[in-house]
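Engineer: For reference, each letter of the sequence shown is one residue, going 1 to 398 in the UniProt record's numbering. Glycine included, each C-beta is placed from N, C-alpha and C at the ideal position.
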Amino acid sequence: MRVFNHLGDMVPFALVAQKTQTVTPETVALRLFPLDMSPVPPRDEGQRSGDAVVLRSKNGIEIHLQSDDVTALGQSYLLTLPEERKDSLSLTQLRLNWGTPTGNWQGKASVYVSRDLRYWRPVQEDAPLMDLTRDSDRLKMDAISTNLTLSLEGNRYLLVILNSQSPALTLNSVSAIADSNEPESERIVIGARADKVSDDEAVWRWTQPQPLTSLRIDLENEGVLPVELVWRSGEKEPWQSLTKTVLYRLDGKRSEDIRLPGQLVEAVRIRTINARLPEALPALSGARDSYQLVFNTQGKGPYMLAWGNRAAKKADVGLDMLIPASLRKTQEIDNLPWAIPQESVTLGGELRLTATSAAEQQSQWKTLLVWGALILGVAVLAFMAWRIWREVKKDGAA
C-alpha cells in the first residue's frame, strides 16, 4: 500500500486498526443446590399422572413444575447469586463443571429463571452439552448462552434441568460469565469457497490470504456437529491446529464465532469428530479488522491510494510518527479532515497481485540452483556407475 501526491511522490501514512480494548469478562461462581424430583399424584381422575413434579432441596426448598414429559427430566439444580454479592449481574453464559465421564457423553440442558420460585420463565431450552474423548484428546461443550440479569430485587433464581441421560451427569459447580458491555469492533466479512474432500473432511479457501480476526460457521440445518479445525497461511504452507469445538444450530441460535489472532489465513480445514459432514456443507466466512488510513498531505492533491502489489514492501509508519501522542490528546483522529474517494484506476492489474519481490526471486533462484546441483550430481554418479559396470563386463568377457 502506498499514498502518492499529485507529482507522484510518496507521502508518509499510518494504518490504525479500529479495535476495541480487550476486556476480560467477569466470572462469578453461583451457589448450587441439587434437587430431588418426585412426581405429584393426580388430583382429578382425568388428570394424567406425571404431569406435575416437585423438586426438593435438602434444606427444604420446594419447586412445583408442570411438564409434558416427566421421563425426559434428569438431574436438576437451583442456582442463586453468592450471599455476599449485592449488585446485579448481567450474564451472557453459564459454564457447567462436571467430572470426567466414563465414556463419551452427550446431552441437553434447559435453563429457567424466576423471581419467587413459583413462576418460571424459559431462558434456554435443550441447549447441547457434550464431553467426547478420542485417544488423548478431549472435546468438552459446557457453556449455555444466556441473556439476562440476576439481582436481589428482580430475577434472582435460576433452574438448570439436565435431560435424562444414561449414565447420569453430576454437576460440581456452575459459573456465570458476566457481560463485558464492550461494543464490537467494525469488521469486514469475506466468504470462503468450500471443497468437500471426504465424508468427514472439507476445506474452505479464500482467493487471497486474509488477516482474519474471527471465523463464522453456520450450519444450514438444525443439528450439532463436533469438529476439529486447522488453518494455513498459504497454499504451500503447512496446516496448523486451530481448535476443537462444537458447531450447532438449534432454535434459532448458533455456535459462537471462533477468534483468530489476525494472521494471514488462506484456507481452513474442518474434520468431524465421530460424525459425518451434512449433505449441505456449512457456510464459512472470515472477518478482518477495519483500518483507518491517516496520511500527511505533503505536496498538492489530488492524492492517490495504491494497493495490491504483492512485491512491494511494507511502507506504513507508526501513528506516533505522524501525530505525536501528546497532540492526540487534544486532536481526535476522527476530527481530522477526511479525504473523499473519487474514481478508481487500474494500475498493474492482476499480475501485480501475484508478483514476487526481489528477495523471493533470489530465494527461488537459490532453490533452483540447489536442485540443479543435486540433479547434476545424481547424473554424474549414474554415469560413473555405468562406466564401472562396462569395465567390469569387459574384464569378465576377457
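1. Considering only C-alpha positions, which residue in the set S145, S136, D135 and Q66 is nearest to Y119?
2. So which of S57, A52 and S145 has the shortest CA-CA distance to D68?
3. Mind checking who H64 pairs with in its DSSP beta bridge?
4. Hey, out of E343, L277 and P209, whose CA is closest to S198's CA?
5. Considering only DSSP beta bridges, list what S151 is partnered with.
6. Please work out which residues of its chain come closer than 6 Å, Cβ to Cβ, to R390, disregarding the five sequence neighbours upstream and downstream, and give them in chain order.
7. Excluding sequence positions up to five away, which residues of its chain have a Cβ less than 6 Å from the Cβ of F33?
8. Taking Cβ to Cβ, would you say V28 is nearer than 9 Å to A176?
9. Residue range of the beta strand (DSSP E) that M10 falls in?
10. From S76 to G99, what does the alpha carbon distance come to, in whole angstroms?
11. Does the Cβ of L368 have 16 or more other Cβ atoms within 10 Å, making it buried, or fewer, making it exposed?
12. Keeping to the same chain, check which residues put their C-beta closer than 8 Å to that of A178; ignore five residues upstream and five downstream.
13. Please work out which residues of its chain come closer than 7 Å, Cβ to Cβ, to E235, disregarding the five sequence neighbours upstream and downstream, and give them in chain order.
14. I'd like the ranges of any beta strand (DSSP E) spanning at least 3 consecutive residues and lying wholly in the stretch 257-335.
15. Would you call E332 buried or exposed, if buried means 16 or more other Cβ atoms sit within 10 Å of its Cβ?
16. So, are the CB atoms of R95 and D142 less than 9 Å apart?
17. Which stretch, first to last residue, makes up the beta strand (DSSP E) that contains residue 404?
18. Since M130 is in the beta strand (DSSP E), which residue starts that stretch and which ends it?
19. Do you know how far the Cα of E201 is from the Cα of D137?
20. Please classify F383 as buried or exposed, where buried requires at least 16 other C-beta atoms within 10 Å of its C-beta.
21. Helix, strand or coil: how does DSSP classify G103 here?
22. Determine, using beta-carbon pairs with one atom in the stretch 245-265 and one in the stretch 291-298, whether at least three such pairs fall under 8 Å.
23. Do V16 and Y303 have their C-beta atoms within less than 9 Å of each other?
24. Which of the three DSSP states, helix, strand or coil, is assigned to V380?
25. Could you check if G154 belongs to the surroundings of the ligand ZN, using beta carbon to heavy atom distance under 8 Å?
26. Among the candidates V11, L162, I63 and L55, whose CA atom is the shortest distance from the CA of A72?
27. Flag this pair as yes or no: are the beta carbons of L322 and V294 separated by less than 9 Å?
28. What residue does the beta strand (DSSP E) around Q165 start on, and which one ends it?
29. When the Cα atoms are used, what is the spatial distance from V392 to W386?
30. Span of the beta strand (DSSP E) holding M37?
31. Of the choices W307, M10, G191 and R31, whose alpha-carbon is the least far from that of T207?
32. To which residues of the same chain is H6 closer than 8 Å at the C-beta, ignoring the five residues directly before and after it?
33. Between which two residues does the beta strand (DSSP E) containing residue 480 stretch?
34. Hey, how far is the Cα of L129 from the Cα of A280?
35. In this structure, does DSSP put A385 in helix, strand or coil?
36. Going along the chain, which residues of its own chain have a beta-carbon closer than 6 Å to the beta-carbon of P211, five neighbours each way excluded?
Structural biologist: From the atom records:
1. Q66
2. A52
3. V54
4. L277
5. Note: S151 sits in no beta bridge, so no partner.
6. none
7. S57 and L78
8. yes
9. Element bounds for M10: n/a, residue is neither H nor E.
10. 16 Å
11. exposed
12. P25, E26, T27, V28, L89, S90, L91 and T92
13. E266
14. 264-272, 283-289, 291-295 and 304-306
15. exposed
16. yes
17. Since the first residue of the chain shown is 1 and the last is 398, residue 404 is not available in this structure.
18. W120 to R134
19. 18 Å
20. exposed
21. coil
22. no
23. no
24. helix
25. Questions concerning the ligand ZN fall outside what the structure shown contains, since it holds no ligand whatsoever.
26. L162
27. yes
28. Unbroken run through Q165: none, as it is neither H nor E.
29. 10 Å
30. R31 to P39
31. G191
32. G299, K300, G301, P302 and Y303
33. The structure shown does not extend to residue 480, since the chain spans only 1 to 398, so no value can be given for it.
34. 23 Å
35. helix
36. G262, L264 and R288
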